[in-house]
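Trainee: The structure is given below, and queries will be raised subsequently.
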Amino acid sequence: MSTTDKYSIITTTPAETEQVAYEFAHNLKNGDFVAMYGDLGAGKTAFVRGMASYLCPCDHVSSPTYTIVNEYNGDKVRLCHFDMYRITDDDDLYSIGFYDYEDCVIVCEWSENIEFALPESYYRVCVSKLDEDRRQITIEEIK
Ligand code: ADP
Ligand code: MG
Numbered sequence: 030m031s032t033t034d035k036y037s038i039i040t041t042t043p044a045e046t047e048q049v050a051y052e053f054a055h056n057l058k059n060g061d062f063v064a065m066y067g068d069l070g071a072g073k074t075a076f077v078r079g080m081a082s083y084l085c086p087c088d089h090v091s092s093p094t095y096t097i098v099n100e101y102n103g104d105k106v107r108l109c110h111f112d113m114y115r116i117t118d119d120d121d122l123y124s125i126g127f128y129d130y131e132d133c134v135i136v137c138e139w140s141e142n143i144e145f146a147l148p149e150s151y152y153r154v155c156v157s158k159l160d161e162d163r164r165q166i167t168i169e170e171i172k
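For the sequence shown, position 3 (counting from the first letter as 1) is numbered 32 according to our numbering, and the numbering increases by one without interruption.
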């Protein structure tokens, strides 16, 4: 595994985090995988909301904490938004049909829980809370 292209940015409002994600989403096509990391309240869902504002602007993004996965349809891509908070092993992933999701952009909150299932290439996005409103967002392309 080698890594290329890593950048980091600090945001001070949820709207700025969404804007960073909106710009990032320009790179994405069906088949891409975005693994998100960060604590509760860091801003992962805010980041996905920004991605969706570019990829499928008609859809409302909410946290799939209880549904596990939400799907949004855009003109160019289908965005499948997972929350892996309750996932502990591969059996869980099979039972939610995770491996049947193809031809879409997959974005997973709580990728800490599914390290064993990450594809060979993906984008790694870490959101960390620096203080009440400041977030550090690091985006890295893993190849
Ligand atoms: P997560 O999905 O990581 O649990 P959410 O995106 O649901 O987090 O929530 C992030 C919370 O942090 C929201 O209440 C949001 O208003 C707040 N917040 C404050 N500053 C920021 C920022 N710079 N970027 C993103 N969210 C922020
Ligand atoms: Mg969330």
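Backbone N, C-alpha and C define an ideal beta-carbon position, used for all residues, glycine too.
1) Which two residues bound the contiguous alpha helix (DSSP H) that contains LYS73?
2) How many angstroms separate the CA atom of MET30 from the CA atom of GLU169?
3) Do the segment 63-71 and the segment 142-162 meet, that is, are 3 or more Cβ pairs less than 8 Å apart?
4) Any heavy atom of the ligand ADP closer than 7 Å to the Cβ of GLU138?
5) Counting pairs of beta carbons, one from the segment 51-59 and one from the segment 129-142, are three or more of them closer than 8 Å?
6) Between CYS85 and TYR101, what straight-line distance do the alpha-carbon atoms span, to the nearest angstrom?
7) Report the rounded CA-to-CA distance for PRO43 versus ASP118, giving the unit in angstroms.
8) Would you say the beta carbon of LEU108 is closer than 7 Å to some non-hydrogen atom of the ligand ADP?
9) Buried or exposed: THR94, going by 16 or more other Cβ atoms within 10 Å of its Cβ?
10) According to DSSP, which residues form a beta bridge with LEU108?
Mentor: Taking the definition as stated:
1) Along the sequence shown, one-based indexing puts residue 73 at 44. Taken as a continuous stretch (DSSP letters only), the alpha helix (DSSP H) holding LYS73 covers 73-84.
2) Stepping through the sequence shown from its first residue, residue 30 is reached at position 1. Stepping through the sequence shown from its first residue, residue 169 is reached at position 140. Since pLDDT at MET30 reaches only 46, below the 50 mark, its modelled position is unreliable, and the value read off the structure follows with that caveat. Cα to Cα, the separation comes out at about 13 Å.
3) yes
4) Taking the sequence shown and counting its residues from 1, the one referred to as residue 138 is at position 109. Checking the Cβ of GLU138 against the ligand ADP gives yes.
5) yes
6) Within the sequence shown, numbered from 1, the residue matching residue 85 stands at position 56. Within the sequence shown, numbered from 1, the residue matching residue 101 stands at position 72. Each residue's Cα considered, the two are about 7 Å apart.
7) Stepping through the sequence shown from its first residue, residue 43 is reached at position 14. Stepping through the sequence shown from its first residue, residue 118 is reached at position 89. About 32 Å.
8) For the purposes of this step, residue 108 is taken as the residue at position 79 of the sequence shown. Outside the cutoff, so no.
9) Taking the first residue of the sequence shown as 1, we reach residue 94 at position 65. Counting Cβ neighbours within 10 Å, THR94 comes out exposed, since fewer than 16 surround it.
10) In the sequence shown, residue 108 corresponds to position 79, counting from 1. DSSP output for LEU108 lists TYR101, VAL134 as bridge partner(s).
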